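A.B. asks:
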Amino acid sequence: MHQVFEVAIYVFSFIAVFVQIFFLITFFEGRKSIRRIFAEILEYPSITVMVPCYNEESTIAGTVESILALDYPKDKIFIKLIDDGSSDGTFSAMHKFSSVPNLEIIKKENGGKHTALNLGIENSSSDFVACLDADSSVHPQALKRMIPYFSDPKVMAVSPSIIVREPDNIIRKAQKAEYDLSVYVKKMLGLIGGIHVTPGPFSVYRREVFEKIGMYRKAHNTEDMEIAYRMQTNGLKIEQCHDAFAYTSAPSSVWKLYKQRLRWIYGFINNTIDYRDVLFRKKYGHFALFTLPAGVLDIFAVLVLFGNFFYVIGNFIYQKAEAASVVGVNNLVSVPSHFSLFYIGSKALLFIMCIIYALVIFSILMGRKMSEGKARFSPSIIYYIFIYSLIAPFWLVKAVVNTAISKQPAWK
Amino acid sequence: MQKPDWKKYLLTFLITAILFVSAFVLSGYINSKKINQLKSIQDKISVDILSSETQFSLLSELSCKNVSDEVLSSELEDLGHKLEWGQDNLGNSDEVTYLKKYYSLLEIKDYLLMKKISSRCGVKSAFILYFYTTAENCSECQKQGIVLSTLREKYPELRVYSFDFSTDLSAVKAMLNIYKIQDTKLPALVIDDDVFTGFQTMDSVEARIKESFKLQEPSKKVSNAKK
Numbered sequence: 006m007h008q009v010f011e012v013a014i015y016v017f018s019f020i021a022v023f024v025q026i027f028f029l030i031t032f033f034e035g036r037k038s039i040r041r042i043f044a045e046i047l048e049y050p051s052i053t054v055m056v057p058c059y060n061e062e063s064t065i066a067g068t069v070e071s072i073l074a075l076d077y078p079k080d081k082i083f084i085k086l087i088d089d090g091s092s093d094g095t096f097s098a099m100h101k102f103s104s105v106p107n108l109e110i111i112k113k114e115n116g117g118k119h120t121a122l123n124l125g126i127e128n129s130s131s132d133f134v135a136c137l138d139a140d141s142s143v144h145p146q147a148l149k150r151m152i153p154y155f156s157d158p159k160v161m162a163v164s165p166s167i168i169v170r171e172p173d174n175i176i177r178k179a180q181k182a183e184y185d186l187s188v189y190v191k192k193m194l195g196l197i198g199g200i201h202v203t204p205g206p207f208s209v210y211r212r213e214v215f216e217k218i219g220m221y222r223k224a225h226n227t228e229d230m231e232i233a234y235r236m237q238t239n240g241l242k243i244e245q246c247h248d249a250f251a252y253t254s255a256p257s258s259v260w261k262l263y264k265q266r267l268r269w270i271y272g273f274i275n276n277t278i279d280y281r282d283v284l285f286r287k288k289y290g291h292f293a294l295f296t297l298p299a300g301v302l303d304i305f306a307v308l309v310l311f312g313n314f315f316y317v318i319g320n321f322i323y324q325k326a327e328a329a330s331v332v333g334v335n336n337l338v339s340v341p342s343h344f345s346l347f348y349i350g351s352k353a354l355l356f357i358m359c360i361i362y363a364l365v366i367f368s369i370l371m372g373r374k375m376s377e378g379k380a381r382f383s384p385s386i387i388y389y390i391f392i393y394s395l396i397a398p399f400w401l402v403k404a405v406v407n408t409a410i411s412k413q414p415a416w417k
Numbered sequence: 003m004q005k006p007d008w009k010k011y012l013l014t015f016l017i018t019a020i021l022f023v024s025a026f027v028l029s030g031y032i033n034s035k036k037i038n039q040l041k042s043i044q045d046k047i048s049v050d051i052l053s054s055e056t057q058f059s060l061l062s063e064l065s066c067k068n069v070s071d072e073v074l075s076s077e078l079e080d081l082g083h084k085l086e087w088g089q090d091n092l093g094n095s096d097e098v099t100y101l102k103k104y105y106s107l108l109e110i111k112d113y114l115l116m117k118k119i120s121s122r123c124g125v126k127s128a129f130i131l132y133f134y135t136t137a138e139n140c141s142e143c144q145k146q147g148i149v150l151s152t153l154r155e156k157y158p159e160l161r162v163y164s165f166d167f168s169t170d171l172s173a174v175k176a177m178l179n180i181y182k183i184q185d186t187k188l189p190a191l192v193i194d195d196d197v198f199t200g201f202q203t204m205d206s207v208e209a210r211i212k213e214s215f216k217l218q219e220p221s222k223k224v225s226n227a228k229k
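If you read the protein sequences in the order shown, they are chains A and B.
Going by the numbering used here, the first sequence opens with residue 6, and the numbers climb by one from there.
Going by the numbering used here, the second sequence opens with residue 3, and the numbers climb by one from there.
1) Is the CB of T199 (chain B) under 8 Å away from at least one CB in chain A?
2) Name, please, each residue of chain A whose Cβ falls closer than 7 Å to the Cβ of T18 (chain B).
3) Here's the rule: buried if 16 or more other CB atoms are within 10 angstroms of the residue's CB, otherwise exposed. What is R36 (chain A)?
4) Which residues in chain B have a C-beta closer than 8 Å to the C-beta of F347 (chain A)? List them in chain order.
5) Closer than 8 Å, CB to CB, is M2 (chain B) near chain A or not?
6) Spell out whether any CB of chain B is found under 8 Å from the CB atom of S63 (chain A).
7) Can you look up T53 (chain A) in the DSSP assignment and give me helix, strand or coil?
8) Any beta carbon from chain B within less than 8 Å of F305 (chain A)'s own beta carbon?
9) Using a C-beta to C-beta distance shorter than 7 Å, which residues of chain A count as neighbours of S95 (chain B)?
10) Are the Cβ atoms of S254 (chain A) and T64 (chain A) separated by less than 8 Å?
11) Starting from I318 (chain A), trace the alpha helix (DSSP H) both ways and give me its first and last residue.
12) In whole angstroms, what separates the C-alpha of V49 (chain B) from that of L355 (chain A)?
13) Kindly indicate which three-state DSSP category C246 (chain A) falls into: helix, strand or coil?
14) Looking at the C-beta of L191 (chain B), does it have a partner C-beta in chain A at a distance below 8 Å?
15) May I ask you to list the residues that DSSP assigns as paired with L13 (chain B)?
16) Label S130 (chain A) either buried or exposed according to how many other C-beta atoms from any shown protein chain fall within 10 Å of its C-beta, with 16 as the threshold for buried.
17) On a CA-only basis, which of A:S257, A:N407, A:I168 and A:A306 is nearest S141 (chain A)? Give me that one, please.
18) Just curious, the beta strand (DSSP E) that A380 (chain A) is in, first and last residue?
19) Listing by chain order, which chain B residues have their CB less than 8 Å from the CB of I357 (chain A)?
20) Quick one: measure Cβ to Cβ for F15 (chain B) and F23 (chain A), integer angstroms, because I've assumed they're closer than 8 Å.
21) Mind pulling the beta strand (DSSP E) runs of 3 or more residues that sit fully within the stretch 87-134 of chain A?
22) Bridge partners of F83 (chain A), per DSSP?
23) Chain A partners of L2 (chain B), CB-CB under 7 Å?
24) Less than 6 Å between C-beta atoms, sequence neighbours within five positions excluded: which residues of the same chain meet that for Y234 (chain A)?
25) Whole angstroms are fine: how far does the CA of L294 (chain A) sit from the CA of K288 (chain A)?
26) Spatial neighbours of L148 (chain A) within its chain, please: CB distance less than 6 Å, with the 5 preceding and 5 following residues excluded, ordered by chain position.
27) Apart from the five residues on each side of it in sequence, which residues of its chain come closer than 8 Å, Cβ to Cβ, to K374 (chain A)?
28) Under 8 Å, Cβ to Cβ, is there at least one residue of chain A near M231 (chain B)?
29) Which word fits A397 (chain A), buried or exposed, when buried means at least 16 other C-beta atoms lie within 10 angstroms of its C-beta?
30) Against chain B, does G94 (chain A) count as a neighbour if the rule is that its beta carbon must be under 8 Å from one of theirs?
31) Considering only residues of the same chain and omitting the five flanking positions on each side of T136 (chain B), which have a CB-CB separation below 6 Å?
32) Contact between the stretch 173-189 of chain A and the stretch 155-164 of chain A is defined here as three or more beta-carbon pairs at a separation below 8 Å; is this criterion met?
33) So S29 (chain B) contacts chain A; which residues on that side make the cut at Cβ distance below 8 Å?
34) Any C-beta of chain B sitting closer than 8 Å to the C-beta of I322 (chain A)?
35) Would you kindly work out how many angstroms separate the C-alpha atoms of V340 (chain A) and G147 (chain B), rounded to a whole number?
36) Just to confirm my understanding: we take S166 (chain A), look at its own chain, exclude 5 residues before and 5 after, and list those with CB closer than 6 Å. What are they?
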């Protein structure tokens, strides 16, 4: 049994290193284009920013204020606050902004985030549309930095870098490192044309995207992922603007994080199943050859590592229990008296793991350099590695199980 | 849609493969260093045993004072632990198997020498010959090993010599013949020439060791009287 795990671990480690090296080569190839684009916008296009809300009374004000603070001509921004049948005071919190020009407040029956967004798109007539989740906010310069990407007529959507707002506890700090990692990963995916999600916090689309490929779908409560899949399969280009920042309020506890990730992973698995026909098809480019296979293999890799982890821990406990049963708990020798440097592991897998961790840490640091300007090491990287190693397998296992029994997690 | 760049995939594959090969080469290098370390420990022990044997032959007629019995036991035990670990972790089974044979031989030599020293000089000690197997999954052997390790911690005078049944060495085979040990009845213990097959509980082995210590007491007195 252990040998099977060992072979599987080597195979998945190879894939993990392969993915990281692929990003690394992309990074060195595209280093010049990662610099900030200082393009003058000659004519500011009009844009509708939609804020779908469901029970967001405490965060909606901050979100709207950040839109109002955007450095962009005020007559070109239209704001639509869409209350998706909230049962709390969201609707009255929205009314605080009712006097703001170009701001519309819409109330509808609860139908899910995608229905709220579709209503917003249908009621707009601007050149561009953007979505901003009601628990997020946006950097004042974000839009100004994103719009120049659309000077390429092929670019149909642009996503920003998402940063964790005020990481005040260990769980949020761990997520900060993870989001920094995804700043890097998303930029690399952007460079190869393989982005698979245009996230809720401030992705900007050309209006014609929805005319060409249709509106948002429910898509297992990950409509922002499905729309990106649909864009990719229809040959619509998605770019990543690494220096436009949207701030998100990351889950503050393990349980909230677990629920959020369960939804994401469930969405990834099920959207990928829905789009399985594109996998490994050359005509869909790196999205089909790299992004999706790497994502699927990543799930398997974590499951194998998790299985092995449990096997090792289980075996250790079993052996200790057996030892206790034959010699008594008091006689258990806990620390070997014969320890020396000799016993430090020297298996190839250990060195491979070191390579993987080094590449992951490099990626986080590069993500930081892109978003903060400095590649600074901090304890949050350690928190990320430890916390995610411990709890990520749980949401992965649960997402796989839910997929198997067709149980969909809620979006809230 | 950006066209897939096959050269990039190939380059990525090559770099990944190079990193993997390097990890294996580095691992092999460190493992061979460790095996060399084991070899040098064994050589040292071999010289020590030879030296003790010679010393014993020279002095046995005269005095027991100068015969050392401390040198070997801890080093031999440490080597045993390292070999056991090496078998699971160093991967180079041929070399480890060879080292294990050598180790078994050193154990036998140490056992014979220590028995002589013990009986002549009245050193309080108990000897256990322990036969186990690694050829098949022997859970009883693992349990027996734990019992013996615990007892060794408890009684420093206890010497446990463990032999893998499958060791392909004539000296080990001779011992198996002497005590009529069969692979179907493992683990097996030999205490003062009595053979016990199957798992022995901690209490029963401990009782037997204490008996073994008692047996030595008269000889100890005789030996002291001689001095």
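Note that beta-carbon positions come from the ideal geometry of N, C-alpha and C, so glycine has one too.
Quick caveat: nothing in here was measured; it's all calculated off a predicted structure.
C.D. replies: For this structure:
1) Taking Cβ atoms only, chain A never reaches closer than 8 Å to T199 (chain B), which makes this a no.
2) Residues of chain A whose Cβ lies closer than 7 Å to the Cβ of T18 (chain B) are, in chain order, F19, V22, F23 and I26.
3) Counting Cβ neighbours within 10 Å, R36 (chain A) comes out exposed, since fewer than 16 surround it.
4) The contact set of F347 (chain A) on chain B, defined by CB atoms closer than 8 Å, consists of K36, Q39, K84 and W87 in chain order.
5) This structure cannot settle anything about residue 2 (chain B), because the visible part of chain B is limited to 3 through 229.
6) Chain B contact via Cβ: absent.
7) T53 (chain A) falls in the strand class under three-state DSSP.
8) It does not: the Cβ of F305 (chain A) has no partner Cβ on chain B nearer than 8 Å.
9) Per Cβ cutoff of 7 Å: no residues; S95 (chain B) is ~14 Å from chain A at best.
10) Contact: yes.
11) Looking at the DSSP string, the run of the alpha helix (DSSP H) that includes I318 (chain A) is L297 to V332.
12) In this structure, the alpha-carbon of V49 (chain B) lies about 36 Å from that of L355 (chain A).
13) In the three-state DSSP reduction, C246 (chain A) falls in the strand class (E or B).
14) By this cut-off, L191 (chain B) is not an interface position.
15) Listed as beta-bridge partners of L13 (chain B) by DSSP are no residues whatsoever.
16) Looking at its Cβ environment, which holds fewer than 16 other Cβ atoms inside 10 Å, S130 (chain A) is exposed.
17) The residue with the shortest Cα to Cα distance from S141 (chain A) is A:I168.
18) Segment: none, A380 (chain A) is in no beta strand (DSSP E) and carries neither H nor E.
19) Residues of chain B with a Cβ closer than 8 Å to the Cβ of I357 (chain A) are, in chain order, L21, F22 and A25.
20) The Cβ separation is near 7 Å, so the contact holds.
21) Correct list: 108-113.
22) DSSP lists A:T53 as partners of F83 (chain A).
23) Past the edges of chain B, shown from 3 to 229, lies residue 2 (chain B), and the structure says nothing about it.
24) Residues N276 and Y280 of the same chain have their beta carbon placed closer than 6 Å to that of Y234 (chain A), with the five preceding and five following residues left out of the count.
25) The C-alpha of L294 (chain A) is placed about 9 Å away from the C-alpha of K288 (chain A).
26) Counting only Cβ-Cβ distances below 6 Å, and skipping sequence neighbours, we find L75 and Y77.
27) Same-chain partners within the cutoff: A380.
28) Residue numbering for chain B in the displayed model covers 3 to 229; residue 231 (chain B) lies beyond these limits and cannot be assessed.
29) Per the 10 Å Cβ criterion, buried.
30) Chain B contact via Cβ: absent.
31) Closer than 6 Å at Cβ, skipping near neighbours: D166.
32) These segments do not touch.
33) Under the 8 Å cutoff, chain A gives S351, K352, A353, L355 and F356.
34) Interface annotation, I322 (chain A): not in contact with chain B, CB-CB separation never under 8 Å.
35) Confidence at V340 (chain A) is low in this model, with a pLDDT of 47, below 50, so the placement of that residue should be treated as unreliable; the coordinate-derived value is given next. Going from the Cα of V340 (chain A) to the Cα of G147 (chain B) covers about 16 Å.
36) Scanning its chain for C-beta atoms nearer than 6 Å, with the 5 sequence neighbours on each side dropped, one finds around S166 (chain A) the residues V188, H247, F250 and S376, in chain order.
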